[in-house]
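To keep things clear, I will list the structure first and then write my remarks on it.
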Amino acid sequence: MTSPYPIAMIVGLLIVVLSVASGLIWLERRLLALWQDRYGPNRVGPFGMLQVVADMIKIFAKEDWIPPFADKAVFVLAPAIIVATVLMTFAVLPIAPGVIVTDLNVGLLFFLAMSSLGVYSVALAGWSSDNKYSLLGGLRAAAQMISYEVFMGLSLMGVVVLAGSFDLVKIIEAQRRMWFVIPQCLGFVLFLIAGIAETRRLPFDLPESESELVAGYHSEYSGMKFGMFFVGEYLGVALISALIAVLFFGGWLGPWLPPIVWFLIKMFCFICFFVLLRASLPRPRFDQLMSWAWKLMLPLALVNILITGAVVLVFR
Amino acid sequence: MLSLLRTMWAVFLHTFHRRVTVQYPEQKAYLAPRYRGRIILSRDPDGGERCVACNLCAVVCPVDCIALQATEDEHGRRFPEWFRINFSRCIFCGFCEDACPTYAIQLTPDVEMGEYHRQNMVYEKEHLMIDGPGKYPGYNFWRTSGVKIGGKDKGEAEHEAPVTDLRTLMP
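Top line first, the protein sequences correspond to chains A and B. Anchor point for the first sequence: position 210 equals 209 in numbering that gives the first Met the number 0, and the numbering is continuous, going up by one each time. Anchor point for the second sequence: position 170 equals 169 in numbering that gives the first Met the number 0, and the numbering is continuous, going up by one each time.
Structure representation (C-alpha cells):
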C-alpha cells in the first residue's frame with residue numbers, strides 16, 4: 000500500500016532527510032565541543048549555523064580528482080552505492096501515521112538487505128583506490144560490517160516475533176500497549192551496537208580511523224565524492240536512530256504531542272547518543288572488535304531469540 | 000561494559016561545565032606583568048633616553064636580531080644613532096633585558112604583532128621608543144654612574160663620595 004501522492008512524499012522525504020544530514024554536521028560539531036568544554040563553530044552565523052553552508056561551498060569547490068592508478072568506474076560508483084542504499088531505506092520508514100513513502104510488508108527485511116548492500120561500497124572504495132591503506136581500511140570495514148550484520152538481523156527477530164510482522168507500520172502499532180524496549184532490552188542493546196558498527200561510527204570506526212590509517216578507505220577521495228561518504232555516514236546515523244525509535248521506542252506513539260514531533264524527538268535523542276559515544280569511547284583493536292562480535296554478541300542474539308520465542312509460545 | 004557506561008555518563012556531565020575557550024578578539028587571555036612579549040626602549044624619569052648604545056643586548060642575543068650604532072651628543076652622552084630589532088628572528092627570551100645595564104630595553108606583555116609583510120616585522124628606534132620608564136620607574140643611569148658628562152663632574156653622582164685629591168693626603 001503506497002500513499003496517494005508518492006512523488007510529493009519522495010521529494011519531501013529527500014529534502015527532509017538531506018537537511019537532517021547536513022544539520023547533523025553542525026549538531027555533531029557543537030555537541031562534541033559541548034562535551035569537550037569548548038565552543039564548536041560559533042563565528043559564521045548565529046551559533047555557527049551557517050558553518051554548514053560554508054562546508055557545502057568548500058566541498059563543491061574542491062577539485063574532484065580521480066587517481067590515475069585507480070579503477071575509474073568502481074571508484075566513482077562506491078560513494079554512490081552507500082548514499083543510494085541508505086536513502087532507499089528511508090523509503091520504508093514510517094514517520095507519522097500515513098506519512099510513509101511505501102508501506103512494504105517486508106519493510107524490516109528491506110532495511111537488512113540494503114545494509115548488506117552497503118558493505119559493497121566500502122569494500123569497492125578500498126579496492127579501487129589502489130592504495131595500501133585504503134585497501135586495509137576497506138577490508139577492515141567489510142569484515143566488520145559483515146560480522147555485525149549477522150547478529151543485527153538476529154536481534155531484530157525478537158521484535159518481529161513480538162509484533163508478528165516485518166511491516167514497520169504494524170510493528171509500531173503493536174507497541175501501543177508497551178514499547179518493545181522493555182521486553183526486548185537485550186535485543187535493543189544488540190541492535191544499537193550493530194547499528195553503530197554498520198554506520199562505521201566511533202567506537203567502531205576503524206575503517207576510517209582518522210589517526211591510524213590516514214583516512215582509511217576514503218583517503219583517495221576528494222571533493223563531492225568524499226562529501227558523499229561524509230553525508231552517507233550522517234544519513235546512516237539518522238537512519239539507525241530513526242529505526243531504533245521505530246522498532247523499540249514506539250515510533251510516533253506518544254501522549255499529547257502530534258506524532259511527528261514524538262518521532263523527531265526520539266530520533267534526535269538517539270542522534271545525540273551517537274555523538275556522545277563519539278565523544279567518550281576509545282577505539283577497540285580490530286581483533287577485539289571481531290571477537291566481541293562473534294564470541295559475545297552472536298550468542299547473546301541467539302539467546303535473545305530463544306527466550307523471546309519461549310515466552311511468546313508459553314503465553315499465547 | 001560498566002566502565003563504558005561510566006565513561007559515557009562522566010562525559011555527559013560535561014554539558015554542565017563552563018567552557019574554557021577565550022573568545023579572542025572580544026576577550027583576551029591574561030598575560031602576567033613579567034610576560035616576555037614585545038620589546039620596547041624606555042626613557043628616564045627626566046625624559047632622556049636610557050639606552051647608552053653599549054651593544055650588550057646585541058652581543059647576548061642568541062639569534063642576533065638586534066643591531067645598533069652608537070653616537071655621542073654635545074654633552075658627551077652616548078645614545079644609539081639607529082636601533083633595529085628584527086622581530087621575525089626574535090625568540091622573546093629576555094636575555095637582552097637581563098643584559099642591559101640601564102634598564103633601557105624591556106619586554107612587555109603585548110603579543111599582538113601580526114603583520115602581512117615580513118619587512119614590517121623589522122622595528123626601528125622610533126617604533127621601539129616609549130615615552131615612559133616602562134617597568135622600572137625612578138631609575139636614572141646617568142645620575143648614578145660615575146661617568147663625567149655635561150652638567151655632572153666626577154664625584155657628583157648619587158651615592159658617590161667626592162673625589163679625593165691624592166696630593167693632599169700627604170702626612
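Glycine included, C-beta positions come from ideal geometry on N, C-alpha and C. Model, not experiment: these values are computed from the prediction.
{"Item": "Distance, Ala237(A) Cα to Phe247(A) Cα", "Value": "15 angstroms"}
{"Item": "Chain B contact for Trp34(A) (CB, 7 angstroms cutoff)", "Value": "yes"}
{"Item": "Residue range of the unbroken alpha helix (DSSP H) whose run includes Ser171(A)", "Value": "Correcting the residue type first, residue 171(A) is Ile in the shown sequence and not Ser. Note, Ile171(A): alpha helix (DSSP H), 167–172."}
{"Item": "Where Val19(B) meets chain A, residues with beta-carbon distance less than 7 angstroms", "Value": "Asp36, Arg37"}
{"Item": "Interface residues of chain A facing Leu3(B) [CB-CB closer than 7 angstroms]", "Value": "Leu280"}
{"Item": "Supposed contact pair Tyr122(B) and Ile84(B) - C-beta distance, whole angstroms, cut 8 angstroms", "Value": "5 angstroms"}
{"Item": "N-terminal and C-terminal residue of the alpha helix (DSSP H) that Ile304(A) is part of", "Value": "297–314"}
{"Item": "Short CB-CB distance (under 7 angstroms) between Met7(B) and chain A", "Value": "yes"}
{"Item": "Nearest-angstrom beta carbon gap, Leu299(A) and Leu185(A) [assumed within contact, 8 angstroms]", "Value": "6 angstroms"}
{"Item": "Cut-off 7 angstroms between Cβ atoms - residues of its own chain near Asn139(B), not counting five sequence neighbours on either side", "Value": "Asp43, Pro44, Asp45"}
{"Item": "Cβ of Leu256(A) within 7 angstroms of any chain B Cβ", "Value": "no"}
{"Item": "Cβ pair Leu234(A), Ala90(A) closer than 7 angstroms", "Value": "no"}
{"Item": "Start-to-end residues for the alpha helix (DSSP H) that takes in Arg29(A)", "Value": "5–34"}
{"Item": "Residue-chain proximity (Leu201(A), chain B), Cβ-Cβ < 7 angstroms", "Value": "no"}
{"Item": "Leu275(A) at chain B interface by Cβ criterion, 7 angstroms", "Value": "yes"}
{"Item": "Candidates Val159(A), Pro5(A), Pro257(A), Trp126(A), of which the one nearest Val100(A) by Cα", "Value": "Pro5(A)"}
{"Item": "Whole-angstrom distance between Ala66(B) and Cys95(B), CA atom to CA atom", "Value": "12 angstroms"}
{"Item": "Which of helix, strand or coil DSSP assigns to Asn85(B)", "Value": "strand"}
{"Item": "Close-in-space but distant-in-sequence residues of the same chain around Ala28(B) (CB under 7 angstroms, 5 per side omitted)", "Value": "Val21"}
{"Item": "Stretch-stretch touch, CB-based, cutoff 8 angstroms, three pairs: the segment 143–156 of chain A with the segment 191–205 of chain A", "Value": "yes"}
{"Item": "Every unbroken beta strand (DSSP E) inside the segment 1–89 of chain B [3 residues or more]", "Value": "38–40, 65–71, 77–85"}
{"Item": "Touch test, the segment 266–282 of chain A against the segment 10–18 of chain B, Cβ-Cβ under 8 angstroms, three pairs minimum", "Value": "yes"}
{"Item": "Ile270(A), buried or exposed, once every other Cβ within 10 Å from all chains shown has been counted against 16", "Value": "buried"}
{"Item": "Beta-carbon spacing of Gly137(A), Tyr216(A) below 7 angstroms", "Value": "yes"}
{"Item": "Heavy atom of the ligand HEM within 6 angstroms of Gly133(B) beta-carbon", "Value": "Looking at this structure, you won't find the ligand HEM or any other ligand, since it has none at all."}
{"Item": "Inter-stretch contact at 8 angstroms, needing at least 3 Cβ pairs: the segment 116–129 of chain A / the segment 75–89 of chain A", "Value": "yes"}
{"Item": "Partner residues on chain A for Thr14(B), Cβ-Cβ distance less than 7 angstroms", "Value": "Leu33, Trp34"}
{"Item": "Gln287(A) - containing alpha helix (DSSP H), residue span", "Value": "285–290"}
{"Item": "Cβ-Cβ distance between Ile259(A) and Ala7(A) below 7 angstroms", "Value": "no"}
{"Item": "Classification of Cys56(B) by the beta-carbon crowding that lies within 10 angstroms, buried from 16 upward", "Value": "buried"}
{"Item": "C-alpha distance - Glu159(B) paired with Cys64(B), whole-angstrom precision", "Value": "36 angstroms"}
{"Item": "Collapsed DSSP secondary structure at Tyr38(A) in the structure displayed", "Value": "coil"}
{"Item": "Nearest-angstrom Cβ-Cβ length linking Asn104(A) and Phe179(A), presumed shorter than 8 angstroms", "Value": "Asn104(A) to Phe179(A), Cβ: 19 angstroms. No contact."}
{"Item": "Nearest candidate by alpha-carbon position, reference Met112(B), set Cys99(B), Cys89(B), Ala98(B)", "Value": "Cys89(B)"}
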